Every structure is written in structure tokens, then in C-alpha cells.
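In the working numbering, the protein residues as written are 1 to 565.
Just so you know, even glycine gets a beta-carbon here, dropped at the ideal spot from N, CA and C.
Here the structure is a predicted model, which is why all the values come from computation and not from measurement.
Please read the structure below before turning to the comments.
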């Protein structure tokens, strides 16, 4: 973002007016910038600090160098702000105006008469907040405490996670039985957030989230927890630090997932409206049957559903009208829409059929060269990927799966190319990245159904050496499964960033222990690292809009959430 301030030149002696000038003035010696040999800002840099929502300003000058010395040329030049500036340039005077809503970094720049100057700007915004029953003098107690004492153990968030700036909320959790008051410090060059609590967790939301995430796009924060005993506050123990990274761009699109408890059914969440909670979309009560497995068209207008578990009847739902236009008209276990939502590929009994997406009429039975299941289609619609099991029992339960891709055109597929060949292990649940370059898949030693050792891997869509997603997987026996990609490619620094979601039975801080129930997790993916053969993932984070009391699976993405009519 570039904010420009055009400062009109004042009238000089004799009544001749001068405007902003980026050249030599075109008037020879009559130009007030004639003979300019250098420019500089005064001051040479701006290091500003303010409390959250408290405005701060700073005055600047532009000094020009000439043969006879220096003079103020502020009114003769155009100053701009470059970068994601937390401040703006005053339209009437040479001042920076900063609202204090967020911190950040930028550069003041000026170009005139073939001369250039820059001045770095850093605004640091601070916020202190009391949570729970933390006393009003918490900041004073920790400010006076010496280092030492029992140290808390930070258990969430995970070190090295990348977060979307619009996630809107995250909890910090730790264990500590020795202390009864804690300070959570979230620090960077751009921001400082200190949260105080008398319970071993804090919630970063609202103003605290705005300061932390809004100030640190494409940057990182360092989180440390200190604890002390209020009756003896002379020393405070300090946890090991955790680093969180923030993406440049907000996450977009919609997520539909299956919640297996209570009413059950499909829940949806709109990342474009992060302040709104997830909502029940199509429950068992509404459908009159159990609804679990589902697939969404990329535009979010259609959903393919399977009722009553595996091998149950299927239907196609109009998302906006919430009406079924092909109710129980066919059987399918795994389905995927073509990018234009006009057709879908469905698996049943080891066979893939291409169907019309209106009434599910069979267009063609696809020749996969053997049993096939779990199809996905590339974003350009030209490639089908699927699993070829060595031993097929059910579409969701088989052994020795290999990942196969085949060209898709004219209602048929060409010869399949095995891009991940089983060596006795099971490879399954393939999914194309939004740029079409990568396929994420599951690998396990089991039969592809609720496998304890299921882990996430990725391979280039053209084939090659598969790469374990070590950071996203976290560890062994966590049932990391059902990975699906966000439909958008984001910019990040000099490269790109992708996102994927999956279900996992890993611990969520102090609220859920390992193996307790599957939840939805999200991780960032760096395609440049994948291209270099490195683990391309960041540590995964728990999606905060889900109900922690339900088993949550099968998160399917759309480009947008379609309103219900």
C-alpha cells in the first residue's frame, strides 16, 4: 500500500508558484530544486510507541543538499509511505498520523531531481489486559519480580505455528501447580501484549488479537509465560518461549465438516466472517437420517451427501435452497465435483462413475484398470487422482493402496500413472493443492479406516519422492487424516503459502488429551520447501470455531459460503 502526500510548493518571491517536482524543474536555474545533490529525512528514522487505540503523531522534514549548503525542501517534494503502514500522512502538514489500532513497519520515501531518500518507520503498540480474577496490580507485581521460582510449562499454542491474521482468537495454555498468578507476554518489534490471569490459560481475542495479529502480518511474535505466588511475589519463574508466525493475507473461503455427536450432521464456518460462530447446516434431524460423508463444489453451490454410513444412499443438495435434487438416487462413498460443478465422480464398490451433477445420472463408468476409490480432480479439471488398492474390501477399508493419476477429458480417463506406489504400506485420501502442483495423502500400515498410525504425506502431482509432513503430523499414532486444501494460493514474502486442514486425535493444550477425540487442525504449507524436498509444513493449530465436545472430521472447503435462501 502506498499513501501519497502532495505538498504544494509555496509561492516564492515575485509571486511565481512552484509545484512538486521530480525532475530538474524544466526551468533551469529558476527551479527551487536546481542544483539538488542529495535528500534526507529529519529525523532519519521514526521509532514510535503508543498504547492500543491511543493516537500518536510525528513531524518530519525533508532536507535538500545544494552546493551552498542544506535547506528545508519539505514543501517542494512529494513524500510517500511504502509498505503496510500503520500510519498515514497528514494531508495538510508534514506529519505522520497513527491511530494506535495496530503496529507495523513502513518507509517514508521521497524522489526529486533524480535524488532519493528513505526513512524507516516502526510503530509499536502496547496493550495490558486483566483476565479472570487477576488483581489490578498484576503488572506491578511482575514488574518488580526477580527472575527465579517455579517455571510454567507452555503447552499451547505449538512452537512454530503459522496463523492467518483473521483467525480472530487463540488460547494460550500452560501447566503450573506452584504459582497462582501468571503473565503472558506476546512480544515483537511491532507490538507488546501482556495478559494477566489467575488461571493457567488466557484467551487472545478482540483488542489483544488486533494488536498481536494486525501488527505482525508477515512477521512473528514470541510468547513467554511467567508465574509467581501472590503472597510471596518477589520472584517469577519463566517458561520456554514459543514463536508464532503470521501470514500476510487473511484466509478466505468456507469450511463444511462433520460433527459426530448430539444432532450430528454437517457444520459450516465462513472464514470471511471470523466473528460469526460456526453454524449447523444440514443435521440428522433435518435430513431424517445420519449425514456424514460429503463433498462440496468449489463454488459452494452444491453438496453431495451419503446417508447412514458407508455404502448408504446418496443425494445432491442445493446449498442455497437446502433442497435435494437427487435424493437417494444412487450409492456413493467418496465424491468430487468437477471445477465447474457440472459433473461429479463417485466411488462405489471399487468403481468410479462420472455423473451429471443435477440428477446424478451416469455419464460414464471410468476405466481405472482395476478397483478404485477416493477420487479427486485437479483445479483445472484435467486430471483425476484416485486410490488403487491391492486388496479391496470396502471403498473406505482396504490395504496396499497406491496413488494413481490419469488424464480426464471428454467424459473418460486415459491411462493411469502410479505416482505413489505401495511397498506394502497403505496410501489413501489423495487431494490436489489449489495450484494443482501437489497431492496430499494419508499413509498408514493399516486398512485405511481409523488407523492409529495414519500420517500426512505430500507428493508432486507429476510424481517423485513423497515427503512426510513432519511438523504438521507432530508425532506418531495421532490419526492424522482427511487432509484437504484451502482453495486459494496466498502471497508470503517472496514466495507463496498454501493451507490445509485435517483431523487428528492429538492433545489440545490442557483441554483434550491425546486420543480423546478427533478435532480439526490447520497447517500452513510452503511449496518452495516441498519443491526442495523438505518438510513444507508449519506446526498445526486447533481451529477455534469447532465444538470441542464433538468428534469433528471431513473438513471440505469451498471458495465461498453460499447464503441460505
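Inset, instruction - Taking the CB atoms as reference points, tell me whether residue 125 and residue 211 lie closer together than 7 Å. - result: Walking along the chain shown from the start, residue 125 turns up at place 125. Walking along the chain shown from the start, residue 211 turns up at place 211. A contact, by the Cβ cut-off of 7 Å.
Inset, instruction - Spell out the partners DSSP gives residue 335 in its beta bridges. - result: The residue given as residue 335 occupies position 335 in the chain shown. DSSP, once it has assigned bridges, lists 346 as partnering residue 335.
Legend entry - Per DSSP, cross-strand counterpart(s) of residue 87: Indexing the chain shown from 1 puts residue 87 at position 87. Note: residue 87 sits in a beta bridge opposite 98.
Inset, instruction - Tell me whether residue 474 sits in a helix, a strand or coil according to DSSP, three-state version. - result: The residue labelled residue 474 in the question sits at position 474 within the chain shown. Residue 474 falls in the coil class under three-state DSSP.
Legend entry - Beta-carbon spacing of residue 208, residue 142 below 7 Å: Position 208 of the chain shown, counted from the start, is the residue given in the question as residue 208. Position 142 of the chain shown, counted from the start, is the residue given in the question as residue 142. Result no, Cβ atoms of residue 208 and residue 142 do not sit closer than 7 Å.
Legend entry - Alpha carbon of residue 490 to alpha carbon of residue 301, nearest angstrom: The count along the chain shown starts at 1 and reaches residue 490 at position 490. The count along the chain shown starts at 1 and reaches residue 301 at position 301. For residue 490 and residue 301, the distance between alpha carbons rounds to 23 Å.
Legend entry - residue 231 versus residue 170: straight-line alpha-carbon distance, rounded: Residue numbering aside, residue 231 sits at position 231 when the chain shown is read from its first letter. Residue numbering aside, residue 170 sits at position 170 when the chain shown is read from its first letter. Their backbone Cα atoms lie some 30 Å apart in a straight line.
Inset, instruction - State the Cα-Cα distance for the pair residue 561 and residue 270, rounded to the nearest angstrom. - result: Position 561 of the chain shown, counted from the start, is the residue given in the question as residue 561. Position 270 of the chain shown, counted from the start, is the residue given in the question as residue 270. So the alpha carbons of these two residues sit roughly 6 Å apart.
Legend entry - Candidates 337, 341, 410: closest to residue 374 by CA position: The residue you call residue 374 lines up with position 374 of the chain shown. Cα-wise, what sits closest to residue 374 is 337.
Legend entry - Which of helix, strand or coil DSSP assigns to residue 76: One-based indexing of the chain shown puts residue 76 at position 76. In the structure shown, residue 76 sits in a helix (DSSP, three-state: H, G or I).
Legend entry - Minimum C-alpha distance to residue 477 - residue among 467, 443, 486: The sequence position of residue 477 within the chain shown is 477, counting from 1. The shortest C-alpha separation from residue 477 is found at 443.
Inset, instruction - With hydrogens ignored, establish whether the beta-carbon of residue 287 is closer than 6 Å to any heavy atom of the ligand GTP. - result: In the structure shown, the ligand GTP is absent, as is every other ligand, since no ligand is present at all.
Inset, instruction - For my contact list, residue 426 and residue 447 are in at a C-beta cut-off of 8 Å; report their separation, rounded to the angstrom. - result: Here residue 426 refers to the residue found at position 426 when the chain shown is read from its first residue. Here residue 447 refers to the residue found at position 447 when the chain shown is read from its first residue. Indeed they touch by this definition, with Cβ atoms about 7 Å apart.
Inset, instruction - Go ahead and label residue 371 buried or exposed: buried means 16 or more other beta carbons lie within 10 angstroms of its beta carbon, across all protein chains shown. - result: Position 371 of the chain shown, counting from 1, holds the residue named residue 371. Per the 10 Å Cβ criterion, buried.
Legend entry - Residue range of the beta strand (DSSP E) that includes residue 496: For this step, residue 496 is matched to residue 496 along the chain shown. From DSSP, the beta strand (DSSP E) with residue 496 extends over 495-504.
Legend entry - Given residue 57 as reference, the closest of 537, 77, 122, 35 once Cα atoms are compared: Your numbering for residue 57 matches position 57 in the chain shown. Ranking the options by Cα distance to residue 57, first place goes to 122.
Legend entry - Opposing strand residues paired with residue 570 [DSSP bridges]: The chain is shown from 1 up to 565; residue 570 falls before or after that span and cannot be answered.
Inset, instruction - Locate the alpha helix (DSSP H) running through residue 212, then write down its first and last residues. - result: Within the chain shown, the letter at position 212 stands for residue 212. Residues 206-215.
Inset, instruction - Under 7 Å Cβ to Cβ from residue 128, same chain only, skipping five residues before and after it: list those, please. - result: Within the chain shown, numbered from 1, the residue matching residue 128 stands at position 128. Same-chain partners within the cutoff: 139, 194.
Inset, instruction - Mark residue 136 as exposed unless 16 or more other C-beta atoms lie within 10 angstroms of its C-beta, in which case mark it buried. - result: Within the chain shown, residue 136 is the residue found at index 136, counting from 1. Exposed, by the Cβ-count rule.
Legend entry - Supposed close pair residue 330, residue 347 - CB separation, criterion 8 Å: Taking the first residue of the chain shown as 1, we reach residue 330 at position 330. Taking the first residue of the chain shown as 1, we reach residue 347 at position 347. Wrong, their Cβ atoms sit about 11 Å apart, outside the cutoff.
Inset, instruction - Give every residue of the same chain whose Cβ lies closer than 8 Å to the Cβ of residue 570, excluding the five residues on either side of it in the sequence, and list them in chain order. - result: The structure shown does not extend to residue 570, since the chain is modelled only from 1 to 565, so the question has no answer here.
Legend entry - Cβ separation of residue 45 and residue 63, assumed to be a contact under 8 Å, to the nearest whole Å: Residue numbering aside, residue 45 sits at position 45 when the chain shown is read from its first letter. Residue numbering aside, residue 63 sits at position 63 when the chain shown is read from its first letter. Not a contact, Cβ separation roughly 14 Å.
Inset, instruction - Alpha carbon to alpha carbon, how far is residue 474 from residue 538? Give it in angstroms, no decimals. - result: Residue mapping note: residue 538 aligns to position 538 of the chain shown, counting from 1. Residue mapping note: residue 474 aligns to position 474 of the chain shown, counting from 1. For residue 538 and residue 474, the distance between alpha carbons rounds to 10 Å.
Legend entry - Pairwise C-alpha distance: residue 198 and residue 495: Residue mapping note: residue 495 aligns to position 495 of the chain shown, counting from 1. Residue mapping note: residue 198 aligns to position 198 of the chain shown, counting from 1. Their backbone Cα atoms lie some 42 Å apart in a straight line.
Inset, instruction - Go ahead and pull the three-state DSSP assignment for residue 32. - result: For this step, residue 32 is matched to residue 32 along the chain shown. The answer is coil: DSSP assigns residue 32 none of H, G, I, E or B.
Inset, instruction - Measure the alpha-carbon distance for residue 397 versus residue 418 and round it to whole angstroms. - result: Here residue 397 refers to the residue found at position 397 of the chain shown. Here residue 418 refers to the residue found at position 418 of the chain shown. Going from the Cα of residue 397 to the Cα of residue 418 covers about 20 Å.
Legend entry - residue 537 (DSSP reduced to helix, strand or coil): For this step, residue 537 is matched to residue 537 along the chain shown. DSSP places residue 537 in strand when its eight states are reduced to three.
Legend entry - Beta-carbon proximity check, residue 520 vs residue 559, cutoff 7 Å: Looking up residue 520 in the chain shown gives position 520. Looking up residue 559 in the chain shown gives position 559. No, the Cβ-Cβ distance between residue 520 and residue 559 is not below 7 Å.
Legend entry - Collapsed DSSP secondary structure at residue 285 in the structure displayed: By one-based count along the chain shown, residue 285 stands at place 285. Helix, per DSSP.
Inset, instruction - Using beta-carbon positions only, say whether residue 192 and residue 216 come within less than 7 Å of one another. - result: As a first step, residue 192 must be located in the chain shown, where it is residue number 192. As a first step, residue 216 must be located in the chain shown, where it is residue number 216. Contact flag unset, no.
Inset, instruction - Please specify which runs of the beta strand (DSSP E), each continuous and at least 3 residues long, are wholly inside the stretch 415-478, giving them in chain order. - result: 417-420, 426-432, 438-444, 455-460
Inset, instruction - Count the other CB atoms, across all protein chains shown, that sit within 10 Å of the CB of residue 501; report buried if there are 16 or more and exposed otherwise. - result: Taking the chain shown and counting its residues from 1, one reaches residue 501 at position 501. Label assigned to residue 501: buried.
Legend entry - Nonlocal neighbours in the same chain, by C-beta distance under 8 Å from residue 28, ignoring five residues either side: By 1-based counting over the chain shown, the position of residue 28 is 28. Bear in mind that the predicted position of residue 28 carries a pLDDT of just 46, short of 50, making it too unreliable to give a figure here.
Legend entry - Classification of residue 340 by the beta-carbon crowding that lies within 10 angstroms, buried from 16 upward: Position 340 of the chain shown, counted from the start, is the residue given in the question as residue 340. Flag for residue 340 reads exposed.
Legend entry - Check whether residue 94 and residue 80 have beta carbons under 7 Å apart: Against the chain shown, residue 94 aligns to sequence position 94. Against the chain shown, residue 80 aligns to sequence position 80. Not in contact: residue 94 and residue 80 (Cβ atoms no closer than 7 Å).
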